[in-house]
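Chains as they are written, first to last, in this note's numbering: chain A, 5 to 232; chain B, 812 to 1219.
Where is the CB? At the ideal position from N, CA and C, for every residue including glycine.
From a predicted model like this one, the values you see are computed outputs, not experimental measurements.
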Amino acid sequence: MSVNTIAKRTFACLGVVLSSSALVISLTGFSPASAWGSGGGDGTSQSLGVTVNSVAKCAYSLSGISSSIAMTASKTYNPDDNSQTSLTGSDSGIILSAYPDGNPSTPCSFYGSSSAGKIIVSVPSTPTWSGTVTSTTLSWTNDNSNKLNLVPTGGADCTSSGATLATLGLYTGSVSGNLVTITSSSAPKACTVGNSISSLIPKGLNSPQGAKTYSVTGPTITYTLSLS
Amino acid sequence: MVKKLSSLIFISLISSLILLPTASQAASKGSLGLGVDVLPSKVGEESIIGADGSLWFLVLPGKSGKRSIRVNSVANVAMKISINIGFGSYRDGEAAYDDSKKSDVATWAKFSESNFSLSPGESKVITLTFNVPTDAAIKANLATMFVVGTALNQEASKAAFSVNGAARVAVPIFLGVGTAEQIAINFKILGTSIRNVEGKRLAYIRIQNTGKTPVAPSGTIKVQAKLGGISVPTPIKVQSSTVIPGETRDVIFLVPAYIPNGKWTFLEEFQQGPVIQTSRSDISLTKPSIFTKANTLRFSIVVVSLIILYFCLTFLRKSKSKTENSAKADSVELEEALEQIRRRNLRSQSTKKSAAKKAPAKKAVAKKTPVKKAVKKPAAKKTPAKKSPAKKVVAKKKATKKAAVKKR
């Protein structure tokens, strides 16, 4: 038997296994119209046959924000090099969740209102980068030409509102942007988002102390959970 | 004793040297997290508006309004917490804030504590009091309470380039200066409809805020049969999300499964503070369609799986019959080969026997001198080489023929 035939037979066997399992899963999960399931309607998770209650004002919480994000330079910064150097970093695992005190078995009052909780990201109105070595400072302004960019990466139940997985350029004059909102209206308990952050060191920026290692800190990125 | 002490000091020094950088690294790489909970109003914190989960106040000029909030740390590092009042507004029917603007009522607000630290998992209850001046104008004010959390030892990061993170929760504040009559609380129940969505019966009760304060009324729905006097014993309890003045919002809930299909009447009663609104809606509950998104997806998966299964099984069957045929052919070939070997053996045995009969004396000599055989064998092999000149002759003949043709 040739190798080609063996490979084909293996694929066929694999196809049999996969399609059979898909058949079993899809047939066992088939729900007739009269069965309501346990998921409830949009925003509910109660088991049915009982009174539909809702928890007044289940609050949201925001967690998983890195206290400090290290940015990696695309190349070693050289003050004599008259070109731009890009900086990259990421903050993953930001969680927007229904408040732990809220009862997860009943829907929250923001049932059907996906805008009840959203994360907005912002930087100060005068965002700068600055670092100091022996009383000399290396600094530059975070402006339109070298802005701090954020690309949100939403989870299954999260989407970016107003900036759907696009770059949010945070600089003076455009200091905030909606990062994400929970889109799942079915018992929104939690959704996780991440974002990749990038910026540029402006070209021709000569450090007063030469090629010494500066510890340069950029503008503080504030993740605001906005409740309605 | 001195030796023991010195060794202990040495060990503790080494361990502190090892542990210290790890602790600072952990602090710099820690994650921040906040939760803010507006607590139900206590004695002395009564809210005329009647919204326990919101920072809504209705205060007369010269008086004060108080509410308690709980700030919770969901971080894994110690956090520095600061609370302040900022600008608030409504944008597209939703509460919004603006960092670039200042709130008019910020100076009226007083927190029991506005700067404190929280260790991981810790929570703290803070009171917010609005002291409204006697000369304050009768009007509805909007503001935002900001609770900001940053790492307590944020400067621990030693990376060449870094940005710091901060977690913040923005809670909208409504501060009505005046009485309930002056700052009217009112809403209307516009109507009720039933929609079958994804195999579920959902009820939509539309509420419009016709007052000057935000509302989030809670309600009860008594269900009774349209004809006959049968009624469902337990009323359905629902809670609306916030509806700002002038806006309309649906209170959506799932119709319980124990209410059978048919014609029913919903007796709705919603309450917001002192305002109670009732409505009566005749609705018709029908069996939802089986063609839900999930069922359509499942059906298509079943069809695709069946097709794949059919093709795979057909291929496997074909390949099996092919291999069986080839195995049979192989066994026939093997048998033929064995037969040929047997025949050769028989021939060789018969030739040996005949040779032995002709010259039995030579056998012993031949056995004793195997070298001669070895010498003879290459000679035998050489014989086919003699055939090659013959082939060459044929080739030569062909060449001469071709030459003759060319000459012609």
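Check: Applying a beta-carbon distance threshold of less than 9 Å, which residues of chain B neighbour Leu27(A)?
Finding: To locate residue 27(A), count along the first sequence from 1; it is residue 23. Within 9 Å Cβ-Cβ: Ile1112, Val1113, Ser1116, Leu1117, Leu1120.
Asp95(A) and Ile225(A) closer than 9 Å at C-beta
Residue mapping note: residue 95(A) aligns to position 91 of the first sequence, counting from 1. Residue mapping note: residue 225(A) aligns to position 221 of the first sequence, counting from 1. It is a contact, given that the beta carbons lie within the stated cut-off.
### Query
Is the Cβ-Cβ distance between Ser928(B) and Met890(B) less than 9 Å?
Against the second sequence, residue 928(B) aligns to sequence position 117. Against the second sequence, residue 890(B) aligns to sequence position 79. Taking 9 Å as the Cβ cut-off, Ser928(B) and Met890(B) qualify as a contacting pair.
- Message: Taking a contact to mean a Cβ-Cβ separation below 9 Å, would you say Tyr227(A) touches Arg1006(B) in this structure?
- Response: Looking up residue 227(A) in the first sequence gives position 223. Looking up residue 1006(B) in the second sequence gives position 195. Not closer than 9 Å, so no.
Are the stretch 866-874 of chain B and the stretch 989-1008 of chain B touching, with three or more C-beta to C-beta distances below 8 Å?
yes
| said: Less than 9 Å between CB atoms is the rule here; does Thr221(A) satisfy it with respect to chain B? | reply: Counted from its first residue, the first sequence places residue 221(A) at position 217. Yes, its Cβ sits closer than 9 Å to a Cβ of chain B.
Exercise. CB-CB under 6 Å to Asp909(B), same chain, minus the five flanking residues each way: which ones, in chain order?
Worked result: Translated into positions along the second sequence, residue 909(B) becomes position 98. Cβ neighbours of Asp909(B) beyond the five flanking positions: Phe898.
Whole angstroms is fine: what's the gap from Ser202(A)'s alpha carbon to Ser90(A)'s? Along the first sequence, read from residue 1 onward, the residue named residue 202(A) stands at position 198. Along the first sequence, read from residue 1 onward, the residue named residue 90(A) stands at position 86. Roughly 7 Å between the two C-alpha positions.
- Query: So which residues on chain B does Ala63(A) lean against when the C-beta distance must stay under 7 Å?
  - Reply: Numbered from its first residue, the first sequence carries residue 63(A) at position 59. Here the neighbours are Gly846, Val847, Asp848.
Please tell me whether Thr799(B) and Ser24(A) are closer than 9 Å, where the distance is taken between their beta carbons.
Since the first residue of chain B shown is 812 and the last is 1219, residue 799(B) is not available in this structure.
So what does Asp1093(B) bridge to, in DSSP terms?
Translated into the one-based positions of the second sequence, residue 1093(B) becomes position 282. In DSSP, Asp1093(B) forms a bridge with Thr1076(B).
Length of the line joining the Cα atoms of Gly177(A) and Ser973(B): For the purposes of this step, residue 177(A) is taken as the residue at position 173 of the first sequence. For the purposes of this step, residue 973(B) is taken as the residue at position 162 of the second sequence. Going from the Cα of Gly177(A) to the Cα of Ser973(B) covers about 22 Å.
key: Test: Thr961(B) CB closer than 9 Å to a CB of chain A   = Your numbering for residue 961(B) matches position 150 in the second sequence. Yes, because at least one Cβ of chain A sits closer than 9 Å to the Cβ of Thr961(B).
Check: Just by C-beta distance, which residues in the stretch 1077-1090 of chain B are closer than 7 Å to chain A?
Finding: none
| request: Return the bridge partner residues of Lys921(B) from the DSSP annotation. | output: Numbered from 1 along the second sequence, position 110 holds the residue referred to as residue 921(B). Looking at the DSSP assignment, Lys921(B) forms a beta bridge with Thr940(B).
Inset, instruction - Could you name the residues of chain B that Leu66(A) contacts, counting a contact when the two beta carbons are closer than 7 Å? - result: Counted from its first residue, the first sequence places residue 66(A) at position 62. Near Leu66(A) (Cβ distances below 7 Å), the residues of chain B are Gly844, Leu845, Ala978, Val980.
Exercise. Is the shortest distance between the beta-carbon of Ser70(A) and the beta-carbons of chain E less than 9 Å?
Worked result: Protein chains A and B are contained in the structure displayed, whereas chain E is not.
Subject >> Alpha carbon of Asn952(B) to alpha carbon of Asn895(B), nearest angstrom >> reply: The residue given as residue 952(B) occupies position 141 in the second sequence. The residue given as residue 895(B) occupies position 84 in the second sequence. Distance between the alpha carbons of Asn952(B) and Asn895(B): 16 Å.
- Tell me, please, which residues DSSP counts as bridged to Val847(B). As a first step, residue 847(B) must be located in the second sequence, where it is residue number 36. DSSP output for Val847(B) lists Val882(B) as bridge partner(s).
Quiz item: Taking Cβ to Cβ, would you say Ala995(B) is nearer than 9 Å to Leu229(A)?
Solution: Position 184 of the second sequence, counting from 1, holds the residue named residue 995(B). Position 225 of the first sequence, counting from 1, holds the residue named residue 229(A). No, the Cβ-Cβ distance between Ala995(B) and Leu229(A) is not below 9 Å.
- request: Drop a sphere of 10 angstroms on the beta-carbon of Arg1060(B), count the other beta-carbons inside from all chains shown, and report buried for 16 or more, exposed for fewer.
  value: Position 249 of the second sequence holds residue 1060(B). Per the 10 Å Cβ criterion, buried.
| field | Option nearest Glu933(B) by Cα separation, candidates Lys950(B), Ala1138(B), Ser893(B), Ser884(B) | value | Position 122 of the second sequence, counted from the first residue, corresponds to residue 933(B). Checking every option, the nearest Cα to that of Glu933(B) belongs to Ser884(B).
Same chain only: Cβ atoms within 6 Å of Lys999(B), ignoring 5 sequence neighbours per side: Position 188 of the second sequence holds residue 999(B). Taken in chain order, the residues that qualify are Gln1019, Thr1021.
Q. For the beta strand (DSSP E) that contains Asp946(B), what are its first and last residues?
A. The residue given as residue 946(B) occupies position 135 in the second sequence. Looking at the DSSP string, Asp946(B) is not in any beta strand (DSSP E), and its letter there is neither H nor E.
Cut-off 6 Å between Cβ atoms - residues of its own chain near Thr76(A), not counting five sequence neighbours on either side: Walking along the first sequence from the start, residue 76(A) turns up at place 72. So the list reads Thr92, once near-sequence residues are dropped.
Confirm, please, whether the CB-CB distance from Leu183(A) to Ile99(A) is below 9 Å. As a first step, residue 99(A) is located in the first sequence; it is residue number 95 there, counting from the start. As a first step, residue 183(A) is located in the first sequence; it is residue number 179 there, counting from the start. The answer is no: Cβ separation not under 9 Å.
*asked:* By the three-class DSSP mapping on this structure, what secondary structure does Lys1129(B) have?
replied: Position 318 of the second sequence, counting from 1, holds the residue named residue 1129(B). The answer is helix: DSSP assigns Lys1129(B) an H, G or I state.
Using the Cβ count rule (16 or more neighbours within 10 Å means buried), how would you classify Val1114(B)? Translated into positions along the second sequence, residue 1114(B) becomes position 303. Counting Cβ neighbours within 10 Å, Val1114(B) comes out exposed, since fewer than 16 surround it.
Quick one: list the residues of chain A neighbouring Phe998(B), beta-carbon separation under 7 Å, in chain order.
Here residue 998(B) refers to the residue found at position 187 when the second sequence is read from its first residue. Under the 7 Å cutoff, chain A gives no residues; its nearest Cβ is about 15 Å from Phe998(B).
Classification of Tyr1154(B) by the beta-carbon crowding that lies within 10 angstroms, buried from 16 upward = As a first step, residue 1154(B) is located in the second sequence; it is residue number 343 there, counting from the start. What sits at residue 1154(B) in the sequence shown is Arg, not Tyr. When all chains shown are included, Arg1154(B) counts as exposed.
- Message: Just checking: is the beta-carbon of Thr1107(B) within a distance shorter than 9 Å of some beta-carbon in chain A?
- Response: One-based indexing of the second sequence puts residue 1107(B) at position 296. No, no contact with chain A.
Any beta carbon from chain B within less than 9 Å of Ser149(A)'s own beta carbon? Numbered from its first residue, the first sequence carries residue 149(A) at position 145. So no, Ser149(A) is outside the interface.
If the cut-off is 8 Å on Cβ atoms, which residues from the stretch 902-929 of chain B count as contacting chain A, listed in chain order? Glu905, Ala906, Ala907, Tyr908, Asp910, Ser911
query = By Cβ distance below 8 Å, which residues in the same chain neighbour Leu1013(B) in space, the five residues on each side in sequence not counted?
reply = In the second sequence, residue 1013(B) corresponds to position 202, counting from 1. Cβ within range, chain order: Ile1005, Arg1006, Asn1007, Ile1063, Phe1064, Leu1065, Val1066.
Checklist entry - Which chain A residues are close to Val888(B), counting only those with a beta carbon under 7 Å from its beta carbon? => result As a first step, residue 888(B) must be located in the second sequence, where it is residue number 77. Chain A residues near Val888(B): Ser71.
*Between which two residues does the beta strand (DSSP E) harbouring Gln1019(B) extend?*
The residue labelled residue 1019(B) in the question sits at position 208 within the second sequence. First-last of the beta strand (DSSP E) with Gln1019(B): 1011-1020.
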